[in-house]
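2 protein chains.
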Amino acid sequence: MTKYQKQTRFLAAVDCIVFGFDGQKLKILLIKRALEPEKNNWSLMGGFIQADESADEAAVRVLKKLTGLEGVYLEQLQTFSKPDRDPIERTISVAYFALIDTQQYEQQITDEYHPEWFPLDKMPKLIFDHKKMVALAKEKLRYKAALHPILFELLPPKFTLPLLQNLFEDVYETSFDKRNFSRKIMSTGLLLKQKEKDKANSKKGAFYYKLDKKHYQKNFHKFLHFIPYDNPGTANL
Amino acid sequence: MTKYQKQTRFLAAVDCIVFGFDGQKLKILLIKRALEPEKNNWSLMGGFIQADESADEAAVRVLKKLTGLEGVYLEQLQTFSKPDRDPIERTISVAYFALIDTQQYEQQITDEYHPEWFPLDKMPKLIFDHKKMVALAKEKLRYKAALHPILFELLPPKFTLPLLQNLFEDVYETSFDKRNFSRKIMSTGLLLKQKEKDKANSKKGAFYYKLDKKHYQKNFHKFLHFIPYDNPGTANL
DNA sequence: TCAAATAAATGTCAATTTTACATTTATTAT
DNA sequence: ATAATAAATGTAAAATTGACATTTATTTGA
């Protein structure tokens, strides 16, 4: 016997939740589905896994094809496998989430499949179970970012503390005291103060910071505990 | 068109890492594989996903069939999908981990497939990529148990503080100060002291505690931060 | 029944971390 | 030069953590 003869075979797909940050709001990137059914309805970036690639490779490929994005932070989220989740034919989908610096990738984003950014609180109706995927991705982002410095993936290489704080505040839907936030972040030793300032948002200007790449790798698992304790939506991870 | 005609279909399986605790050591349950290739070699509990069930349902079914276990803590871990992970035919596997109270389920465990317990540091060679799955499961268990009270799933309904401490110490491969451990655990408000003592392990006897089920649900996401900061193997989650 | 042995239970103080809160500073525009 | 704007910064009280030793309940055997 060279095959598991009697077993059912399934279609397998990947779906990517792409997060970006415009300086104010966390957003996700959606495209209009190309196929029937639900053609032209909003969808995550998805595609079928090919015979010669792993799900990870498929996610990279699909993301590249639909958005032009490459080399971004990409992490497996969860697999969705209810028999009826795709009405045409049963498809098992491995969901991923990606974090991108919208500025850096603005040029790269291909318009071929016209992806559009949506703030999380103004999402259109999504096809299939994509709403659930987004909800889970948001939860996992919060959960993980509370312990690991992944939110920097959403920022340009040089960023200010006020910008970073905006990001954290939007992700956790809360607000932090400026002084305490700054102290906590700086205590990680992950940020390097630059000499230049960003003068776009204030008269005084805010100093730029960069990630200290050396410490970043080494201290990835030693980050902060940023979950507000009464935060909902961190229960399932 | 009622099908996605041109796409490849894949076998899809589930594999379960079952954790148990014998009072001293964290262990996992393995069985001997029933099929060629690698027949009789040690394997996680696995099985193919059927046409009418989700991966979650398959995991429950497979666990029941191979071990007799039912109603246990079961959580999706990650999907493994390298094209060559199963040498016979490409199979995408959704891995799960389960936490069981070995005492309670000792009777339930079916001997039909003769599962055996192995301490994590004395695991035999496993088939396919199961070693990776176990490594990831151990990592995720540590990670999650640092923030959520899931290790109680490994204990009988009534347990002593010394037993609980043994469990934490074994999971994190470290030791805690008895007084500080007790204070930290009790501060969660999750434990209810019982009137009886366990006299099996000491002359004085140690009081039993139960989980406060009401608080358990409510405070699931408010647990403690138990990760020793220099703990390796918490980087990928 | 008394003494010895065993493991459980408990308390305190110093160090660290977190929280709450208001003023000063650099720069631009008028 | 002055006003306006947002950035940067410090401090004291409260809470948490970490380090450390003694007392207590019970059993067993002298």
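So the protein lines, in turn, are chains A and B.
Quick note, our numbering runs 2 ahead of the 1-based positions in the first sequence.
Quick note, our numbering runs 2 ahead of the 1-based positions in the second sequence.
Where a beta carbon is used, it is the ideal one built from N, C-alpha and C, also for glycine.
Asked                                                                                                                  : Found
N-terminal and C-terminal residue of the beta strand (DSSP E) that A/Gln-17 is part of                                 : The identity of residue 17 of chain A in the sequence shown is Asp, whereas the question assumes Gln. Note, A/Asp-17: beta strand (DSSP E), 11 to 23.
Reduced DSSP category for A/Pro-57 - H, G, I as helix; E, B as strand; rest coil                                       : Pro is not the amino acid found at residue 57 of chain A; the sequence shown has Ala there. In this structure, A/Ala-57 counts as helix in the three-state DSSP scheme.
Below-7 Å beta-carbon distance, B/Ile-33 vs any chain A residue                                                        : no
Contact under 7 Å by Cβ, B/Met-47 with B/Val-62                                                                        : no
Reduced DSSP secondary structure (H/G/I, E/B, other) of A/Lys-34                                                       : strand
Cutoff 7 Å; reference B/Pro-89; Cβ partners in own chain excluding five residues on either side                        : Pro-39
Enclosing alpha helix (DSSP H) for B/Gln-78 [first to last residue]                                                    : Careful: B/Gln-78 lies outside any alpha helix (DSSP H), inside the beta strand (DSSP E) at 75 to 82.
Burial state of A/Leu-79, where buried means 16 or more other Cβ atoms lie within 10 Å                                 : buried
Contact under 7 Å by Cβ, A/Leu-32 with A/Phe-120                                                                       : yes
Alpha-carbon spacing of B/Val-20 relative to B/Leu-101, whole angstroms                                                : 6 Å
Chain-ordered neighbours of B/Lys-5 on chain A, where CB pairs are closer than 8 Å                                     : Ile-90 and Glu-91
Of the listed residues B/Thr-104, B/Thr-81 and B/Asp-103, nearest to B/Thr-93 (C-alpha basis)                          : B/Thr-81
DSSP three-state assignment for B/Ala-148, whether helix, strand or coil                                               : coil
Proximal chain B residues relative to A/Arg-11, where beta-carbon distance stays under 7 Å                             : Arg-11, Phe-12 and Leu-13
Exposed unless 16 or more other CB atoms sit within 10 angstroms - verdict on B/Leu-37                                 : exposed
Where A/His-150 falls, given that 16 or more other Cβ within 10 Å makes a residue buried                               : buried
Per-residue contacts from B/Phe-50 into chain A (C-beta, under 8 Å)                                                    : Tyr-6, Gln-9 and Thr-10
C-beta neighbour in chain A for B/Ala-61, strict 7 Å                                                                   : no
According to DSSP, residues forming a beta bridge with B/Asp-200                                                       : B/Ala-208
Inter-residue Cα distance where the pair is A/Gln-110 and B/Glu-55                                                     : 40 Å
Exposed unless 16 or more other CB atoms sit within 10 angstroms - verdict on A/His-116                                : exposed
Chain-ordered residues of the segment 67 to 91 of chain A with a beta carbon less than 7 Å from chain B                : Gln-78, Gln-80, Thr-81, Ser-83, Lys-84, Pro-85, Ile-90 and Glu-91
Cβ contact (3+ pairs, closer than 8 Å) linking the segment 205 to 225 of chain A and the segment 160 to 180 of chain A : yes
Interfacial residues, the segment 91 to 113 of chain A to chain B, with Cβ spacing under 8 Å                           : Glu-91, Arg-92, Thr-93, Ile-94 and Val-96
Proximity of A/Asp-123 and A/Leu-28 at Cβ, strictly below 7 Å                                                          : no
CB contact flag (B/Asp-17, B/Met-188, <7 Å)                                                                            : no
Cβ distance (whole Å) where A/Thr-190 is taken to contact B/Gln-52 below 8 Å                                           : Contact flag wrong, Cβ pair sits at about 48 Å.
C-alpha gap between A/Ile-30 and A/Leu-128, whole angstroms                                                            : 12 Å
For A/Thr-190, the three-state DSSP class (helix, strand or coil)                                                      : coil
Strand pairing of A/Ala-97, partner residues [DSSP]                                                                    : A/Asp-17 and A/Gln-80
Same chain only: Cβ atoms within 7 Å of B/Pro-234, ignoring 5 sequence neighbours per side                             : Caution applies to B/Pro-234, whose pLDDT of 49 falls short of 50 and renders its modelled position unreliable; the value that the coordinates give is listed next. Closer than 7 Å at the Cβ level, and outside the excluded window around B/Pro-234, lies no residue.
Cutoff 7 Å: A/Ala-147 Cβ touching any chain B Cβ                                                                       : no
Residues near A/Glu-91 by beta carbon distance below 7 Å, same chain, minus five either side                           : Leu-13
Contact list for the segment 166 to 184 of chain A against chain B, Cβ threshold 8 Å                                   : none
B/Met-47 - DSSP class collapsed to helix/strand/coil                                                                   : strand
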